[in-house]
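I have placed the structure first, in the form of structure tokens, so that the comments after it can refer back to it.
Numbering (this note's numbering), first residue to last: 36 to 99.
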């Protein structure tokens with residue numbers, strides 16, 4: 036193990052640095068799996084408004 040006195044004042048290269056700057060790093064948002072579904076958050080354009088009804092017909096038509 037490296038002691039702190041050996042590190043202080045020195046520039047240390049990050050292991051993941053080259054992959055990040057070249058665009059080779061794989062992030063979770065980049066992963067696409069077979070049969071994967073996505074969701075969306077819908078926000079009201081009217082703050083503090085009361086929701087009177089919510090039409091779930093299209094959502095219920097999707098299998099799963």
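Built from N, CA and C at the ideal position, the CB exists for glycine as well.
Nothing here was measured: the structure is a model prediction, and the numbers come from that model.
- The three-state reading of DSSP puts residue 53 in helix, counting H, G and I together.
- For residue 95, the secondary structure class from DSSP, reduced to helix, strand or coil, is helix.
- Residue 54 and residue 60 do touch by the CB rule: their CB atoms are close to 4 Å apart, below 8 Å.
- Residue 43 sits in coil when the DSSP states are folded into three classes, being neither helix nor strand.
- The C-beta separation of residue 99 from residue 72 comes to about 7 Å, placing the pair in contact by the 8 Å criterion.
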